[in-house]
Structure formats: structure tokens, C-alpha cells
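Enquirer:
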Amino acid sequence: MRAAIYLRISKDRAGRALGVTRQRQDTTKLARALGAAEIVEYPDNDRSATNGKKREQYDRLLADIRIGALGPGDVVIAYNQDRLVRDVGELDELLALCRKTGVGLRTTTGEINLATADGRTHARLIGVIAQGEAEKIAERVARAMEQNAQQGRPHGKRAYGWDRAVTLDASGNRLDSRDVVNEQEAAIVQEIARRLIAGESVHGITDDLNARGVPAPSGKRWSTVSLRHIVMRPRNIGKRVHRGVAAFPGAWDPILDGPTYTQVLAILNDPARRSSAGNQPRYLLSMIAECGVCGEPLRATLNHNTPGYRCQRGHVHRHRVAVDEYVLDVVEEWLGSDEARALLASLGDDRTREALTEVEALEAQLAGAADDYAGKLIEREQLIRIIAVLRPKLEKARRAASVVSSRPVWADLVDGTMPPHSFGALPLDRQRAVIKTLFRVVVDRLPRPGRRGFDPSSVRVLPRELARQAAEPVVPSVERE
208 MRAAIYLRIS KDRAGRALGV TRQRQDTTKL ARALGAAEIV EYPDNDRSAT
258 NGKKREQYDR LLADIRIGAL GPGDVVIAYN QDRLVRDVGE LDELLALCRK
308 TGVGLRTTTG EINLATADGR THARLIGVIA QGEAEKIAER VARAMEQNAQ
358 QGRPHGKRAY GWDRAVTLDA SGNRLDSRDV VNEQEAAIVQ EIARRLIAGE
408 SVHGITDDLN ARGVPAPSGK RWSTVSLRHI VMRPRNIGKR VHRGVAAFPG
458 AWDPILDGPT YTQVLAILND PARRSSAGNQ PRYLLSMIAE CGVCGEPLRA
508 TLNHNTPGYR CQRGHVHRHR VAVDEYVLDV VEEWLGSDEA RALLASLGDD
558 RTREALTEVE ALEAQLAGAA DDYAGKLIER EQLIRIIAVL RPKLEKARRA
608 ASVVSSRPVW ADLVDGTMPP HSFGALPLDR QRAVIKTLFR VVVDRLPRPG
658 RRGFDPSSVR VLPRELARQA AEPVVPSVER E
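Counting with our numbering, you get residues 208 to 688 for the letters of the sequence shown.
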């Protein structure tokens with residue numbers, strides 16, 4: 208006779224398998240009392256029977272019965288019936304399989320009689336009671352999780368950017384926990400947000416973090432997916448997510464402010480900005496510089512090992528390195544001028560700031576109304592009317608606030624934050640963002656075809672309307688050969 212002992216405990220946070228060990232002792236004792244010559248274990252430690260997750264060892268047990276590894280005269284032993292199954296449908300499947308194959312069922316509390324209708328009915332009644340108890344437990348757990356969400360308590364494992372501080376009683380039992388900011392990790396999240404808003408790409412930031420050896424939340428290398436996930440979490444602004452919705456204020460300090468977070472979402476949710484690693488721009492002016500004849504964007508080319516920018520229609524073709532150096536000199540000199548500082552400082556994002564302020568105010572009103580309803584200060588009908596009035600206003604303000612501000616792209620270059628003559632040292636993504644935001648670069652035909660050397664008069668750097676009303680070319684004080 209062979210005995211298959213099935214061992215299961217729903218939760219084992221410490222991973223010590225003490226519950227499974229106790230079950231093993233009792234079921235093994237019963238197997239030996241029945242005269243089993245061979246005992247095979249099927250342990251599912253830390254596995255619930257009701258949360259829908261796979262129980263690998265239970266599935267292996269059923270498979271062994273089906274293929275004849277367990278047959279007539281053999282027995283399946285469990286501590287009690289609800290260790291085996293807590294679902295009536297699963298129980299019927301197990302009962303039918305055992306009756307068909309002649310495998311017996313035993314628990315340490317008694318035999319499950321498969322031979323009679325009364326025995327099978329008794330097993331089903333126990334199964335119904337067990338399933339009902341499981342459903343009650345699920346309801347209590349769901350209510351507790353909802354209450355934790357309402358209180359803003361953290362859920363799950365430690366989140367990147369915070370440390371989990373645990374309070375214990377005198378006996379070492381866990382009383383409470385709270386999340387406190389991890390300054391080093393929070394600084395990385397803030398850096399990612401700042402660089403995205405300043406015009407750098409997700410791929411560029413990811414590569415830089417990996418090159419610097421900054422570990423990702425997994426402890427391994429950053430990926431574009433992990434970077435996007437980390438910087439887009441509502442918990443960054445102190446919002447607790449429950450059932451997929453950032454519904455409650457979190458009981459932890461935020462690491463991003465609301466306006467910054469809104470701008471990050473607007474950038475990363477913009478389909479026009481999404482691109483694969485192979486489509487990342489590798490050259491300063493590719494698809495930014497324009498043909499002076501037809502207005503089409505110029506593409507980077509390589510002709511006889513000579514890098515260049517070429518109009519697809521063949522109107523202009525210019526040496527890439529020379530054009531890049533000239534445009535970098537022009538932009539850097541202009542950004543360092545008093546004129547640029549005065550002009551750019553006068554430009555603001557008043558509409559965006561006003562919309563962000565309105566978003567925060569409306570969200571605060573909605574949260575206050577929800578608190579009033581929870582505190583029984585207002586009735587449900589009043590709450591519904593408040594939501595009906597405020598929600599359209601909030602959506603409108605969010606749309607206005609989601610317009611990406613251009614100011615962070617260039618602000619630190621003219622307010623003294625960045626050292627002079629540092630534009631050429633910025634990452635390529637950032638250089639392209641500044642040039643694309645502030646200037647038009649137009650490459651004209653050479654006035655004298657066949658002339659050797661670079662002709663600066665054939666490249667016009669024109670401030671966009673954002674910088675100045677008049678589209679006058681910016682010319683550096685030092686002429687380039």
C-alpha cells in the first residue's frame with residue numbers, strides 16, 4: 208500500500224514551514240498505522256486553496272492518480288478535508304477521480320467514505336461549510352484591505368524610494384509599520400522626473416543610470432519599463448492606490464510635487480514621444496534642421512565615409528560635424544547673453560501653473576466631500592451632487608495642466624543654475640530638446656557651389672516665437688572658418 212500525504216498551509220510569511228511540519232507528523236503517523244509500505248509527500252507550503260493561484264503539488268497529486276502512480280488500495284491522506292480542498296467543485300472532481308481509480312481518502316480526523324451516497328454527501332457538506340468559511344475570510348480580508356487603503360497605510364513589499372519602519376511590542380510581535388523616505392532612492396526618482404521634463408528621453412536616462420552603476424529597484428540594471436513604472440506611480444505624490452485607483456491620501460511623505468508629477472505623466476503618455484531603442488536620435492540636428500528650399504527635415508547620412516545632413520529631395524547636403532559645431536556655438540553664445548536671459552525670464556507658463564493649482568484645489572474639495580460623507584456629515588445624495596459638479600471641472604483642469612511646459616527645457620541654462628558654456632556638455636537628448644524648443648535651424652544652398660570649407664552664412668539659426676517675436680537670425684560674435 209502506498210500513501211500520498213498532502214500537506215498545505217495558507218500563509219507562511221517567515222518561510223519556516225512549521226504548519227506543514229505539524230501536518231507531516233500527524234499524517235505520517237496515520238499512514239504508518241494503516242500499514243503503508245511507501246509514503247510520498249505533496250507539500251504546498253504558503254499556498255491558499257481559495258485565491259485562484261496554482262497549487263503545484265495538488266495538481267501533481269491529481270496527475271499521479273490519473274496516470275496510475277496511485278491506484279486501487281492506495282490512499283490519499285490529509286490533515287483534514289479543508290487542507291485538501293475548499294471549493295465544492297474541486298471536491299467533486301477529487302471524489303469522482305478517487306472512486307474511478309479505487310484510491311481511498313483519509314484525514315487524521317476520520318475516513319471519507321466514497322462507497323456510499325451518505326459518505327459522499329457528508330464530504331460535500333463539510334466542503335460547503337469549508338467554502339463558506341473561506342468566503343467569510345475573504346470578505347474580512349477585503350474589508351481590512353479597504354480600511355488600510357482609507358487610512359493610507361502601505362500595502363505589499365517595500366516600495367522604491369521609501370524604507371519600511373516596523374514597530375514591535377516587547378515580545379517582538381509586529382504592531383504597526385510606516386514608510387519613511389529613503390533619501391538616496393528618492394533623489395533618483397526626482398532626478399528621473401527632472402530630466403524627463405527637461406527634454407531627455409527614457410532611453411537616454413536609463414542608459415546613464417546603468418553607466419553610473421545606479422541599481423534598479425530589483426537590484427539589477429534599469430530598463431525603460433522599470434524606469435517608467437517607478438516615475439509614474441501615484442505613490443510618488445502620496446496617493447494610495449486601491450483596486451487600481453489612486454483613491455486615498457497615503458500615510459507617507461511624497462517625493463514628487465503635484466505639478467512635477469502631472470508634467471511627467473503628460474510627457475510619458477504622449478504617443479508622439481514613444482520610440483524604440485533603435486529609433487533614438489543619434490545626431491544633433493537630424494529631423495530638426497530644415498531644408499532652406501523645400502522646408503523638409505534633413506536626415507543624417509554617410510556618403511563615402513563623410514557624415515552629412517541631406518534633404519531627401521536633394522536640394523542641400525552639408526557636412527554634419529561642421530553644421531553641428533556651428534549651431535552649438537550659436538546656441539551656447541545666445542543662451543549666455545543678457546538678451547536671452549531677459550527674454551526667456553519674461554516667458555512664463557502661467558496657464559499651466561493656474562491649471563495645476565486648480566487641479567489641486569478641486570482634488571482637495573473632492574477628498575473633503577468624501578471625508579464628510581464617511582464622517583456622516585453629508586448624505587449620499589449630497590455627495591453625488593458635489594461629484595457631478597466638480598468632476599467635469601477637474602477633468603478640464605487636468606487637460607489644461609497636461610500641456611507639457613517648455614520652461615524646464617531651458618530655464619536652468621539662463622537662470623545661473625548651469626555654469627556658462629556648458630551647453631555643449633549636455634546629453635544629446637537635452638541639446639536637441641533645447642534647440643527644437645527655442646530655434647529653427649535652416650540649411651540653405653551654398654551661394655557659390657563647389658566652394659571648399661564651411662560657409663556659416665548658409666546655416667540660419669532662427670529663434671522661434673517662443674523666444675522672440677521677430678525671426679531674426681542669431682549670429683555669433685566670432686566668425687567660424
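For glycine and all other residues, C-beta sits at the position ideal for the given N, C-alpha and C.
Do you know offhand how far Asp253's Cα is from Ile216's?
Expert: Numbered from 1 along the sequence shown, position 46 holds the residue referred to as residue 253. Numbered from 1 along the sequence shown, position 9 holds the residue referred to as residue 216. Distance from the CA of Asp253 to the CA of Ile216, rounded to the nearest whole angstrom, comes to 5 angstroms.
Enquirer: Return the residue from the list Val471, Ala303, Arg440 that minimises the CA-CA distance to Arg401.
Expert: Sequence index remark: in the sequence shown, residue 401 carries index 194 (1-based). When only C-alpha atoms are compared, the closest one is Val471.
Enquirer: Assuming Arg435 and Leu475 are in contact, meaning their beta carbons sit under 8 angstroms apart, how far apart are those beta carbons, in whole angstroms?
Expert: Here residue 435 refers to the residue found at position 228 of the sequence shown. Here residue 475 refers to the residue found at position 268 of the sequence shown. Confirmed, about 6 angstroms.
Enquirer: By a C-beta neighbour count over all protein chains shown, 10 Å radius and 16 as the cutoff for buried, is Asn380 buried or exposed?
Expert: Taking the first residue of the sequence shown as 1, we reach residue 380 at position 173. Under this definition Asn380 is an exposed residue.
Enquirer: At what residue ranges does the region 225-310 contain a whole run of the beta strand (DSSP E), taking only runs of 3 or more?
Expert: 245-252, 282-285
Enquirer: Whose C-alpha, out of Asp578, Arg606, Ala607, is nearest the C-alpha of Ile594?
Expert: In the sequence shown, residue 594 corresponds to position 387, counting from 1. Checking every option, the nearest Cα to that of Ile594 belongs to Asp578.
Enquirer: According to the neighbour-count rule (16 or more other Cβ atoms, all chains shown, within 10 Å of its Cβ), is Arg223 buried or exposed?
Expert: In the sequence shown, residue 223 corresponds to position 16, counting from 1. Because the pLDDT at Arg223 is just 49, under 50, the model does not fix this residue reliably, and the value given afterwards should be weighed accordingly. Label assigned to Arg223: exposed.
Enquirer: Using the Cβ count rule (16 or more neighbours within 10 Å means buried), how would you classify Gln589?
Expert: Taking the sequence shown and counting its residues from 1, the one referred to as residue 589 is at position 382. The residue in question, Gln589, is exposed, as its Cβ has fewer than 16 Cβ neighbours within 10 Å.
Enquirer: Start and end of the beta strand (DSSP E) containing Trp541?
Expert: Position 334 of the sequence shown holds residue 541. Trp541: not part of any beta strand (DSSP E); member of the alpha helix (DSSP H) spanning 527-542, first to last residue.
Enquirer: Can the beta-carbon of Tyr490 be found closer than 8 angstroms to that of Arg527?
Expert: If you number the sequence shown from 1, residue 490 lands on position 283. If you number the sequence shown from 1, residue 527 lands on position 320. Against a cut-off of 8 angstroms, the Cβ pair of Arg527 and Tyr490 comes out as a contact.
Enquirer: Using 8 angstroms for Cβ pairs, my map puts Val310 next to Val282. What's the rounded Cβ distance?
Expert: One-based indexing of the sequence shown puts residue 310 at position 103. One-based indexing of the sequence shown puts residue 282 at position 75. Going by Cβ atoms, the distance from Val310 to Val282 rounds to 7 angstroms, so yes, they are a contact pair.
Enquirer: Skipping 5 residues on each side, what residues in its chain have a beta carbon closer than 6 angstroms to that of Ala568?
Expert: On the sequence shown, residue 568 is found 361 positions in, with the first residue counted as 1. Within the same chain, Ala568 has no close Cβ partners at all.
Enquirer: Sorted by chain position, which residues of the same chain lie with C-beta nearer than 8 angstroms to Leu535's C-beta, five sequence neighbours on each side aside?
Expert: By one-based count along the sequence shown, residue 535 stands at place 328. Here the set comprises Leu491, Phe630, Gly631, Gln638.
Enquirer: Might you give, ordered along the chain, the residues of its own chain that have their beta carbon closer than 6 angstroms to the beta carbon of Ala607, omitting 5 neighbours on each side?
Expert: Counting from one through the sequence shown, the residue named residue 607 turns up at place 400. So the qualifying residues of the chain are Ala562.
Enquirer: Would you call the CB atoms of Thr314 and Asn287 closer than 8 angstroms?
Expert: Start at 1 with the first residue of the sequence shown, and residue 314 comes out as number 107. Start at 1 with the first residue of the sequence shown, and residue 287 comes out as number 80. Annotated as proximal: Thr314 and Asn287, with beta-carbon spacing under 8 angstroms.
Enquirer: Ser408 bridges to which residues according to DSSP?
Expert: In the sequence shown, the residue the question calls residue 408 occupies position 201. DSSP lists no partner for Ser408.
Enquirer: Look at Arg290 and Gln232 and say whether their C-beta atoms are less than 8 angstroms apart.
Expert: Here residue 290 corresponds to residue number 83 of the sequence shown, with the count starting at 1. Here residue 232 corresponds to residue number 25 of the sequence shown, with the count starting at 1. Taking 8 angstroms as the Cβ cut-off, Arg290 and Gln232 do not qualify as a contacting pair.
Enquirer: Here's a check: name, in chain order, each residue in its chain whose Cβ is nearer than 8 angstroms to the Cβ of Glu686, leaving out the five neighbours to either side.
Expert: Position 479 of the sequence shown holds residue 686. Unreliable positioning characterises Glu686 in this predicted model, as indicated by a pLDDT of 44, which lies under 50. The coordinate reading is nonetheless provided below. Within the same chain, Glu686 has close Cβ partners Pro663.
Enquirer: Identify the continuous alpha helix (DSSP H) that holds Leu434 and give its terminal residues.
Expert: For the purposes of this step, residue 434 is identified with residue 227 of the sequence shown, where counting begins at 1. Start and end: 431-438.
Enquirer: Decide yes or no for the touch test of the region 391-407 against the region 633-653: beta carbon pairs closer than 8 angstroms, at least 3 of them.
Expert: Yes, the region 391-407 is in contact with the region 633-653.
Enquirer: Is the beta carbon of Glu263 sitting closer than 8 angstroms to the one on Asp251?
Expert: Numbered from its first residue, the sequence shown carries residue 263 at position 56. Numbered from its first residue, the sequence shown carries residue 251 at position 44. Yes, the pair counts as a contact, with Cβ atoms nearer than the cut-off.
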